[in-house]
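K.L.:
2 protein chains.
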Amino acid sequence: MTTTPDSRPLAGLRIVEVSSFVASPLCGLTLAQLGAEVTRVDPIGGAADIGRLPTTAEGTSIYWTGLNKGKRSVVADLRSAEGQRIVQDLVTAPGEGGGILVTNQAGREWLSHDTLSQLRSDVVTVEILGRRDGRPGVDYTVNAALGFPQITGPREHAGVVNHALPAWDVACGLYAALAVTSAVRRRERTGLGSHVTLPLDDVALSIASTLGYLTEPQVNGAERDATGNDVYGTYGTDFVTADGGRFMIVALTPRHFRDLVSVTGTHDAVAAVEKALGADFARDEDRYRHREILTALFSPWFRERSTDDVRTALAETAVLHEQYRGFAEVAAGDAVTANPLFAQLDQPGIGTYLAAGLPAAFDGEHYFTGPAVDPASVRQAPAAQNAGESGSVS
Amino acid sequence: MTTTPDSRPLAGLRIVEVSSFVASPLCGLTLAQLGAEVTRVDPIGGAADIGRLPTTAEGTSIYWTGLNKGKRSVVADLRSAEGQRIVQDLVTAPGEGGGILVTNQAGREWLSHDTLSQLRSDVVTVEILGRRDGRPGVDYTVNAALGFPQITGPREHAGVVNHALPAWDVACGLYAALAVTSAVRRRERTGLGSHVTLPLDDVALSIASTLGYLTEPQVNGAERDATGNDVYGTYGTDFVTADGGRFMIVALTPRHFRDLVSVTGTHDAVAAVEKALGADFARDEDRYRHREILTALFSPWFRERSTDDVRTALAETAVLHEQYRGFAEVAAGDAVTANPLFAQLDQPGIGTYLAAGLPAAFDGEHYFTGPAVDPASVRQAPAAQNAGESGSVS
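First to last, the sequence lines map onto chains X and C. Following this note's numbering, the numbering of the first sequence begins with 707 at its first residue and continues without gaps. Following this note's numbering, the numbering of the second sequence begins with 707 at its first residue and continues without gaps.
1) Whose CA, out of X/Val1084, X/Thr933, X/Arg826, X/Thr761, lies closest to the CA of alanine 799 of chain X?
2) Decide if the region 1041-1051 of chain X is in contact with the region 893-902 of chain C; the criterion is three or more beta carbon pairs, one per stretch, under 8 Å apart.
3) Excluding sequence positions up to five away, which residues of its chain have a Cβ less than 7 Å from the Cβ of tyrosine 941 of chain X?
4) Does tyrosine 941 of chain C get closer than 8 Å to chain X when you measure Cβ to Cβ?
5) Spell out a yes or no on whether the region 1057-1067 of chain X and the region 900-920 of chain C are touching, meaning 3 or more CB-CB pairs, one atom from each, closer than 8 Å.
6) Quick one: Cα of aspartate 936 of chain X to Cα of glycine 927 of chain X, how far?
7) Is it buried or exposed for proline 1088 of chain X, if we count other Cβ within 10 angstroms and need 16 for buried?
8) Can the beta-carbon of leucine 686 of chain C be found closer than 8 Å to that of leucine 807 of chain C?
9) Report the option in X/Gln811, X/Ser968, X/Trp770 whose CA atom is closest to the CA atom of arginine 785 of chain X.
10) Can you pull the chain C neighbours of alanine 1082 of chain X, defined as C-beta to C-beta under 8 Å?
11) Identify the contact partners of glutamate 1022 of chain X in chain C, using a Cβ-Cβ distance below 9 Å as the criterion.
12) Measuring straight from C-alpha to C-alpha, what distance separates histidine 973 of chain X and valine 967 of chain X?
13) Tell me the rounded alpha-carbon separation between arginine 1011 of chain X and alanine 982 of chain X.
14) Tell me the DSSP secondary structure of arginine 895 of chain X in three-state form.
15) According to DSSP, what are the bridge partners of valine 844 of chain X?
16) What do you get for threonine 1018 of chain X, buried or exposed, if any count of 16 or more other CB atoms within 10 angstroms of its CB means buried?
17) Figure out for me which residue from X/Leu759, X/Gly751, X/Thr736, X/Pro731 has the closest Cα to the Cα of proline 938 of chain C.
18) Look at the Cβ atom of threonine 771 of chain X, then the Cβ atom of glycine 1057 of chain X, and state whether they are nearer than 8 Å.
19) Give a yes or no on whether the minimum CB-CB distance between alanine 1019 of chain C and chain X is below 8 Å.
20) Out of C/Ala932, C/Ser888, C/Glu788, C/Val747, which has the shortest C-alpha to C-alpha gap to serine 725 of chain C?
21) Within the continuous beta strand (DSSP E) that includes histidine 1027 of chain C, where are the two ends?
22) When you compare each of X/Phe1048, X/Thr921, X/Ile750 to threonine 921 of chain C by their alpha carbons, which one comes out closest?
23) Return the residue from the list C/Asn774, C/Glu815, C/Gly853 that minimises the CA-CA distance to alanine 787 of chain C.
24) Taking C-beta to C-beta, are valine 848 of chain X and aspartate 783 of chain X nearer than 8 Å?
25) For tyrosine 1073 of chain X, decide whether its Cβ has a neighbour in chain C, counting only Cβ atoms nearer than 8 Å.
26) Answer yes if the region 1018-1031 of chain C comes into contact with the region 713-731 of chain C, meaning at least three C-beta pairs across the two stretches below 8 Å, and no otherwise.
27) State buried or exposed for alanine 674 of chain C, treating a residue as buried only when at least 16 other CB atoms are found within 10 Å of its CB.
28) Against chain C, does leucine 904 of chain X count as a neighbour if the rule is that its beta carbon must be under 8 Å from one of theirs?
29) Identify the continuous alpha helix (DSSP H) that holds serine 912 of chain C and give its terminal residues.
30) Take the Cβ of aspartate 1014 of chain C as the centre, count every other Cβ of all protein chains shown within 10 Å, and call the residue buried at 16 or more, exposed below.
31) Using the three-state DSSP reduction, which class does histidine 819 of chain X fall into: helix, strand or coil?
32) Rounded to whole angstroms, what is the Cα-Cα separation between valine 744 of chain X and isoleucine 792 of chain X?
33) Counting contacts by CB-CB distance shorter than 8 Å, is alanine 851 of chain C in contact with chain X?
34) Near valine 1036 of chain C, which residues of its chain fall below 7 Å by C-beta distance, leaving aside the five closest residues on each side in sequence?
35) Nearest by alpha-carbon distance to valine 1025 of chain C: which of C/Asp965, C/Ala753, C/Leu796 is it?
36) Buried or exposed: where does arginine 841 of chain C fall if 16 or more other Cβ atoms within 10 Å of its Cβ makes it buried?
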């Protein structure tokens, strides 16, 4: 698991992040995992996310430390001309791999692409916006305005269900990392800088368009209904066992479906229904259309068996399946404790725990970073002093 | 909105995709938006996703065409030695920008990194896996095994709520595009190829670790409860108006909160509660801890006003807010029809509609691709013939 930093794909890049919350820090973390040197700049006392929940019993933010692993830390008085100059110098310092800024603090003249490009003509800036018109927006408001909460949740629940995962922030952070890497490739070939703007609401709209959620009403004049825990467009849903275990089952292909029919011993009943309905359950559309009948046929098999028996029987089949688990169970299980994606991290302010690296393994190697600086050192740092261990910046 | 293809950041790259469903095709689409030439290879008759719902009334897949925009198409008999050789030649053809494969069809010896690197030593392969042990997995099973469905949904609903957006597929596709771009940067500097493996379950685990969902039980010994539509860790929830409109409201900062108190005319009541509870509502933790009381104080203002009046009043404040909308309303509204992210696309098999480009704008320009080939031409193509317009491959 030893890594020679210089062999990583983004070795030699130096990125400055003036950022907070999820998308922008996730961009910096991901670039750091790929080998870039990333410096997060915070205002005096820390940004608005410095103490964000969840925290340890002692008050250190698990959230902040998780998203800022492997970064240098600089604290500057961003309201003073001197502090602004320090950040500008940090971004535009000479050197092949430098001249890269990622920020969610758009609209500041002193940090704008125009200002920075006068100091370094090939600067790459990535500005993450809330909304494309410059107004603020966050994952939860962007998601509300888009339509996903209306198709999420139990069918009997008339209302909207927000997602728990801030999926748009995650996608936005990854698009931002891709924008940096793509812009750097162009700069290395042509010498040109780039000014990239990336609005969170456009991230969500673009994905919703590409996946057909917006195209469907445009083309067909209708939008889809909520499907509860059923998978849209094929056969998949959740089942409860005799002792209360719960499994998610997906039959995406005819083979998966045949195996599901076989393991549940429902061949005759399914064949009779298929014939009576004039359906062809080898087709996605027909499995989806008649999903409630199919679920009613399969349910007794699950309901009458223990979780262990269901797990053992499904393991012998091609059926896509997983038992629902909570975070605590996952964190204590093999997926974390026996997975090379995770390595021990000694995090100041938190202690030692198993932290994930980059999910993409290059030539069999997962890339990890060191810990975040202790957020307490950011809170307490005077202006223009490093909270981290990267040496003085002024 | 005219684009000179050669100015795009990934101009000159040639990528072959042997892929299906969401993650791998989204990777290819994103790289195509950034200027790469992407060829999707399908087996005779098309892959399992060729007709996936939603479809038009005539049966063309809106899903497939959305995810495969801007790609060339090659159909080959992937079970024959000749078809396999055609694909190998396509991937390993000489030329600086070639030698790149993205696939979710892992475990095929003829398409493996080892085999391809013998034909071209600097080949970059990105293999998207379902699960890290090579077993299949899809977004909905990976998500079930991780914990998010247990913290999603109305608090009164005892159970699990699947997300509707395949968020892990989306994140996986973007990580894959980032892996390609990073590996290309390394190859352009060192001449080295890369063999990248990217399991969908590790994507989900890595994000869950970074955002603290797994770290919280590891460090604190406890996992969080479902919070319904409330935003975890600060103040945010949804409210219903007199005529049934619904708004998502987030007060992420003290200023947002002061404005929310002010617009709802609840200053005296909130101040009295704050004092009685010994709370400080300038702190995220205190707003979150006492969120039910706060929601009860704010609700009457929403309940007694029309949707229009609520919208007008909130627009005057700093409070983060959006009205919940469905996909049909979004598709017909300014977010799509008056947004430079969308451009008319004439899609064979579908017709003309407004399709989104890349959400990241480079120097003010959104990058668009042409349409997908008509999936009917893929279904009908004989082996080793192009379904698209890229000329013969053999």
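Quick reminder that beta carbons are idealized off the backbone N, C-alpha and C, glycines included. Small disclaimer: the values here were computed from a predicted structure and weren't measured.
P.N.:
Checking against the coordinates, here is how it stands:
1) X/Arg826
2) no
3) Ala957, Phe963, Arg993, Tyr994, Arg997, Leu1000
4) no
5) yes
6) 23 Å
7) exposed
8) Beyond the ends of chain C as shown, which are 707 and 1100, falls residue 686 of chain C; an answer cannot be given.
9) X/Gln811
10) Residues of chain C passing the Cβ test: none, with the nearest at roughly 16 Å.
11) Going along chain C, no residue has its Cβ under 9 Å from glutamate 1022 of chain X, so there is no contact; the nearest lies around 13 Å.
12) 6 Å
13) 29 Å
14) helix
15) Its beta-bridge partners do not exist; DSSP assigns none.
16) exposed
17) It should be noted that the sequence gives tyrosine, not proline, for residue 938 of chain C. Closest by alpha carbon: X/Leu759.
18) no
19) no
20) C/Val747
21) 1026-1029
22) X/Phe1048
23) C/Glu815
24) no
25) no
26) no
27) Residue 674 of chain C lies beyond the residue range present for chain C, which begins at 707 and ends at 1100; the question has no answer from this structure.
28) yes
29) 906-916
30) exposed
31) helix
32) 16 Å
33) yes
34) Val1042
35) C/Asp965
36) exposed
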